[in-house]
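Note that my numbering has the sequence shown beginning at 1, numbered continuously upward.
Right, one structure below, let's go through it.
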Amino acid sequence: MSTSLIEISFAPGASSPPHHHPGEVVGHVLEGTLEFKIKGQPLQTLHPGDTFFEPTMVLHEVARNPDNKAPTRVLVTMVHPRNAKRLTIPAGEVKIAENMPETKTNVIADQTCTIRVTDSVNRASFDESLPTIGVLLFDNVLMTEVTAPIDVFSKPSQDGKRLFNVVTVASEHQPVPMESGLRVLPDYSFDDCPDLNVLVVSSSYEMETIVASPDIVNFVRSQGAATDFTMSNCAGAHLIGASGIAEGKKIVTYIGGGELLQKTYPGLSVQDDRHVSFVKDGKMISSNGNLASYISALELLEVMTSKEHRTYVESHLYLERLQRYERFDRHLPGDTGAESNQDR
1 MSTSLIEISF APGASSPPHH HPGEVVGHVL EGTLEFKIKG QPLQTLHPGD TFFEPTMVLH
61 EVARNPDNKA PTRVLVTMVH PRNAKRLTIP AGEVKIAENM PETKTNVIAD QTCTIRVTDS
121 VNRASFDESL PTIGVLLFDN VLMTEVTAPI DVFSKPSQDG KRLFNVVTVA SEHQPVPMES
181 GLRVLPDYSF DDCPDLNVLV VSSSYEMETI VASPDIVNFV RSQGAATDFT MSNCAGAHLI
241 GASGIAEGKK IVTYIGGGEL LQKTYPGLSV QDDRHVSFVK DGKMISSNGN LASYISALEL
301 LEVMTSKEHR TYVESHLYLE RLQRYERFDR HLPGDTGAES NQDR
């Protein structure tokens, strides 16, 4: 979602035609008089200091300045989908769409999803004696950069013992959509997040929006300052830069993104992403992201456990088969189908 702050001016006697908005609206009359009515509610006459509320897509039937001499000014805050193409939709367009058989849809009654934090298996099995890996979630986070560290650190030891608490954290206890469309329910919110030994900061294709969120930046700053290690994958380095926790530290970002990162955060020592996939500078870990997120996770795993455990985890990931694998594709009579990827 996104928030828009808009000032609307009505000339003396002016009005707007009936319309809808794609999000919730809170209005505050700054000057003059406003006649206001939404569908199903009585007409109101509002004066400076008065406020009004419009639910999403309710018909705003009357918005009028009844004074023929003085103007009216209204300040409006609207919370709407980030990809909304228009913030005002004429009532006629909605009515036509509702009456077209090919676009008409069944109206589903308001539904709620009850979320209980106790449903989280990771919360229920949390062991305070173990180091805690916290993976930060936010809208449209890149899926692989979240799942790679979870995949690596959640593997038990060879004798079956759990070595880490691996949890996900978001601003609220609400499902978080990843860029793939997969939605994840975080184990913790910013308000009840436990102390972390490792904070994993991933990226999004909309990092400008993420970095513009004070709550997210403040969380990275407060947790990152106290962790044993902070891991940045891909453009997550921009969140690290905005938080200020890695000033003077070497860091790497996505391939082709180093110049922008260095220009935006000159206090970072940005490495050449054309040749460098992984960087460790003290407690700061970073990678190019995507599948390189496995590199940063495995390197840190070795630091926190042992080379033997890293080798054991790698044996369960089949990483070598990403580039070296045998394929079987029998499609012609007499074709044996056996072919090595190295021969292609």
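Glycine included, every Cβ here is placed at the ideal spot set by N, Cα and C.
Reference residue i, options the options, closest by Cα
i: L317; options: V152, E128 and N83; result: V152
i: D119; options: T305, V313 and D187; result: D187
i: S315; options: S129, P156, G49 and G23; result: P156
i: L137; options: G248, M207, L59 and S306; result: M207
i: N197; options: K161, L75, S129 and A242; result: S129
i: D191; options: V169, F36 and G181; result: V169
i: N65; options: S203, T209, S16 and C193; result: S16
i: C193; options: V217, P266, E31 and R123; result: R123
i: S286; options: L319, V252, H275 and E308; result: V252
i: G23; options: T33, K85 and P71; result: K85
i: F278; options: K69, V176 and Y254; result: Y254
i: P149; options: P71, V167, K249 and G244; result: V167
i: L5; options: E35, L75, V121 and H47; result: L75
i: T264; options: E35, G244 and N218; result: G244
i: L59; options: S189, L260, G40 and E308; result: G40
i: N83; options: D139, S154 and E35; result: D139
i: V121; options: I210, E247, S154 and I89; result: S154
i: V135; options: D281, F219 and T209; result: F219
i: K249; options: L268, E7 and E259; result: L268
i: P71; options: P48, T77, A91 and G92; result: P48
Assigned secondary structure, residue i (DSSP; H/G/I helix, E/B strand, else coil)
i: M304; result: helix
i: H21; result: coil
i: H309; result: helix
i: F153; result: helix
i: E314; result: helix
i: T88; result: coil
i: E172; result: coil
i: M143; result: helix
i: D215; result: helix
i: V107; result: The pLDDT assigned to V107 is 42, lower than 50, so where the model puts this residue is not dependable; a value taken from the coordinates is nonetheless given after this. In the structure shown, V107 sits in coil (DSSP, three-state: anything other than H, G, I, E or B).
i: R321; result: helix
i: P12; result: coil
i: S287; result: strand
i: T253; result: coil
i: D281; result: strand
i: N122; result: helix
i: V220; result: helix
i: I133; result: strand
i: T264; result: helix
i: H80; result: strand
i: A70; result: coil
i: H28; result: strand
i: E102; result: Only weak support is given to the placement of E102: the predicted model assigns it a pLDDT of 49, under 50, and the question is left unresolved by the model.
i: A246; result: coil
i: M1; result: coil
i: L199; result: strand
i: T209; result: helix
Cα-Cα separation, residue i to residue j
i: N165; j: V184; result: 17 Å
i: D195; j: R221; result: 13 Å
i: V29; j: A63; result: 12 Å
i: G257; j: R73; result: 44 Å
i: M57; j: E179; result: 27 Å
i: L301; j: R310; result: 6 Å
i: D215; j: R321; result: 40 Å
i: A226; j: Q174; result: 25 Å
i: H238; j: R162; result: 32 Å
i: A109; j: E172; result: In this prediction, A109 has a pLDDT of 42, which is less than 50 and means its spatial position is unreliable; what the coordinates show is noted afterwards. C-alpha separation (whole angstroms): 25 Å.
i: V200; j: E145; result: 9 Å
i: V94; j: M304; result: 58 Å
i: I38; j: H20; result: 10 Å
i: G289; j: Y312; result: 23 Å
i: E102; j: P131; result: Low local confidence applies: a pLDDT of 49 at E102 is under 50, so the model's placement there is unreliable, with the coordinate-based value given in what follows. E102 and P131: Cα-Cα distance of roughly 55 Å.
i: T105; j: V79; result: Confidence is the limiting factor: at T105 the pLDDT is only 44, short of 50, which leaves the residue's position unreliable, though a coordinate-based value still follows. Taking the straight line from one Cα to the other gives about 24 Å.
i: S202; j: S2; result: 21 Å
i: A292; j: Y325; result: 19 Å
i: V141; j: G241; result: 18 Å
i: V107; j: E61; result: Its pLDDT being 42, under 50, V107 is placed unreliably in this model, and the value from its coordinates should be taken loosely. If I take the Cα positions, the gap works out to 21 Å.
i: R352; j: L319; result: In the structure as shown, the chain begins at 1 and stops at 344. Residue 352 is therefore absent and cannot be evaluated.
i: P81; j: T33; result: 30 Å
i: E31; j: D67; result: 12 Å
i: T45; j: F36; result: 6 Å
i: Q271; j: D281; result: 11 Å
Which residues DSSP lists as bridging residue i, in chain order
i: Q44; result: F36
i: M57; result: DSSP, once it has assigned bridges, lists no residue as partnering M57.
i: V94; result: According to DSSP, which records beta bridges pairwise, V94 is partnered with nothing at all.
i: I6; result: V76
i: V167; result: G134
i: S232; result: V201 and S286
Any non-hydrogen atom of the ligand FAD closer than 7 Å to residue i Cβ
i: S180; result: Among the components modelled here there is no ligand, and therefore nothing to report on the ligand FAD.
Whether or not the region 289 to 297 and the region 228 to 240 are in contact is what I'm after, with contact meaning three or more pairs of Cβ atoms, one per stretch, closer than 8 Å; do they touch? yes
Contact between the region 38 to 57 and the region 8 to 17: three or more CB pairs below 8 Å? no
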